[in-house]
Amino acid sequence: YGSMKVNHFGHLEIGGCDTVKLAEKYGTPLIVYDVALIRHRARSFRRAFEQLNVNGHVAYAGKAFSSVAILQLMNEEGLSLDVVSGGELFTAMRAQFPPEKIHFHGNNKSDEEMEMALDYGIGYFVVDNFHELKRLQQLCEKRKIRQPILLRMTPGVEAHTHDYILTGQEDSKFGFDLQNGQAEKALEVALSLPNIKVDGIHCHIGSQIFETDGFIMAIEKLFAYIKRWKERFHFVPAIVNVGGGFGIRYTEEDEPLEPYSYVKAIAREVIRQAERISIAVPDIWIEPGRSLVGDAGTTIYTIGSRKEIPGVRTYISVDGGMSDNIRPALYQAKYDAVVANKLLKKTEETVSVAGKACESGDMLIWDIPLPQTTAGDLLAVFCTGAYGYSMASNYNRLPRPAVVFVENGKSHLAIKRERYEDVMHLDVPLYETVK
Ligand code: LLP
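Heads up: the sequence shown runs through residues 4 to 438, numbered per UniProt numbering.
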C-alpha cells in the first residue's frame, strides 16, 4: 500500500516524488513521510472495528512522531490523540486538534500540565497514580467541573516482542498494579471523588508486539478484576483501552500482523469476557503509534567518508545518525537501507553505516550489502517514521533534519530543517562578544 517504487532513473520514488530531487530541494538528512501509507494504516485500524461491528476508537500515540502537520493529518483521518506532556498537548492545540478527542497520559503530570489540559478541555486524563488522582480532584473542584478519566492499570503482563512474561510481582513505574490491590484501592478512591468521573480503564503491555496472546492475557486479567469491582462497587467500565504496541516490519526478520488481526483478537476477547461476566460490551480503545507512522517514514542521508579496515570491515559515514535516530544505539534496533540513487545497481560489497556523531556507538546499520558507493550518493534508511524525529537530539550541536510529507507527486515541508541559529537560540552569553 505504500507508494514506494523505483523510477526509470533507478531512483527511489516515494509518493510519486523522486527522493534524489527531494534531497536536492530540501537537503539531507531528510525524513520523508509517505502520507498515503499513513492514511491507509489509520483507515485499516478504524475499518477493522467497523467490520467487526464493535464500538472502537483509535487514538494516535503522538509520542511516536508529533508535529502540527502529522496531527492535522491524524485528525483528518478521524483519529483521537494520546499525548504525554505539555509539549505534545501544546502541539495538538496549535494543530487545532479537537480537545474532546485528546487523552492525556503520563506518570508525572505537573500541575501546570494538568491545568493546561483542563483549560483546553481535553476528553480524558489517563490517571496513573494516587498523587495525580488527588491533584486532579483538587484542580477540578476549584473549577467546579467533573473530569472524565480512565485509570491506568498494570496487568502484570509484559510483552517482549515475541513472548510474554507474567510478572506476578509487577515492577513498573506506570499505573496501578492489579495484583497487589493498588488498582482496587485507586478505583475505590476515584469513585468516591466528586469531581472525577471514572469512565473506564487502561493498560499497555509493551511495544513492537507481533502476536495477539499478550493482549488476550491482559484483557483476561483485567476482566477478572472488573467482575470483582462490579460486585463490590457496582462499577462497569464504559471504556476499555488496551494501549498500543502493534509491531511493524523494520527488516525481513520481523513478522507483524495486519491491523485487522490485532483488532479482531482484542475485540473478540473483550466481547467474550464481557459476556462471561454479564456486562455490556465496553467501547474498545487502542492507541497505536509506531504502526501508524513507522514504516511510512524513510530517512535520506548523504554518504560522505569511507574507512576500510582490510579483512575486518568497511565503514561508510552519513550526514546524520544517532542525533536523528537513536534507536540502533539505544536498543540495538535493526534497519534496512538502499542507495536511493543506485537502485538498479547490483550489490557489490558489505559495509557498515556510521553516523557522524563523536561516539563509537553511533552506528546505524552493521553489515549491509550495498552497491559500490562514493561520497555524494544517497542512502535511504527505511521505517524511520516512529521514535526517530521524536527522540532526536542536538548532540554535537547537530541541527535536526527537515521532515517532508509526500503524496500524489507533491511534497510538503512539514518540519523545517534546524539552522545553527536555532540550535543556539536559547544560549545566554556570559559576556557580550565584540563582533
Ligand atoms: N500507549 C502507551 C501508554 C504507551 O506507553 C505507548 C508507547 C503507546 C501507546 C504507543 O506504542 P506503539 O504503538 O508506538 O508501540 N521509544 C521506543 C518505544 C517506546 C514506547 C513507549 N510507549 C522505541 O523507539 O522503540
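Backbone N, C-alpha and C fix where the C-beta goes; we use that ideal spot for every residue, glycine too.
Proximity of residue i and residue j at Cβ, strictly below 8 Å
i    : j    : result
E161 : G209 : yes
V61  : L76  : no
G5   : L55  : no
P32  : G217 : no
N411 : S326 : no
A389 : F68  : yes
V266 : I274 : no
S355 : D370 : yes
L136 : V87  : no
A303 : V9   : One detail in the question is off: residue 303 reads as Ile in this sequence, not Ala. Not in contact: I303 and V9 (Cβ atoms no closer than 8 Å).
Y63  : D37  : no
R252 : P262 : no
V431 : P402 : no
L25  : V407 : yes
P331 : M366 : yes
V243 : I212 : no
K230 : I306 : no
K200 : Q141 : no
I222 : E272 : yes
A357 : S414 : no
G300 : G391 : yes
Distance cut-off 7 Å: residue i Cβ against heavy atoms of the ligand LLP
i    : result
Y338 : no
K147 : no
R293 : yes
R44  : no
Y334 : yes
H134 : no
A299 : no
F249 : yes
A95  : no
G246 : yes
K66  : yes
R252 : no
M156 : no
M77  : no
R49  : no
H106 : no
Own chain residues within Cβ distance below 6 Å of residue i, not counting five before or after
i         : result
V239      : K233 and I282
residue 2 : Coverage of the chain is limited to positions 4 through 438, which leaves residue 2 absent and any answer about it impossible.
V129      : H106, H108, L153, R155 and H205
I269      : F218 and V245
E311      : T317
residue 3 : The shown model of the chain, from 4 to 438, leaves out residue 3, and the question about it has no answer.
R44       : L295
N110      : D131, K176 and F177
First and last residue of the uninterrupted alpha helix (DSSP H) at residue i
i    : result
S83  : No alpha helix (DSSP H) holds S83; the beta strand (DSSP E) holding it covers S83 to V86.
G90  : G89 to R97
S264 : P262 to R279
K310 : Note, K310: premise wrong, no alpha helix (DSSP H); beta strand (DSSP E) at G300 to I312.
Limits of the beta strand (DSSP E) - the one that residue i falls within
i    : result
P151 : Q150 to T157
V409 : A405 to E410
N244 : I242 to N244
A64  : G59 to A64
S320 : R316 to V321
A162 : V160 to H163
H205 : I199 to H205
F385 : L381 to F385
Nearest-angstrom beta carbon gap, residue j and residue i [assumed within contact, 8 Å]
i    : j    : result
D202 : Y127 : 7 Å
K66  : G292 : 6 Å
F236 : L194 : 6 Å
L15  : A277 : With 8 Å as the limit, L15 and A277 do not qualify as a contact, their Cβ atoms being about 47 Å apart.
Own chain, CB closer than 8 Å to residue i, minus 5 neighbours either side, in chain order
i    : result
G246 : H205, C206, H207, I208, I289 and E290
E144 : P197 and N198
E103 : G124, I125 and G126
K345 : G13, P374, T376 and D380
K224 : P158, G159, V160 and L181
Own chain residues within Cβ distance below 7 Å of residue i, not counting five before or after
i    : result
K349 : P374
R146 : L121
G30  : A405 and R420
A189 : F133, L136, L154 and F179
V71  : T94, R97 and A98
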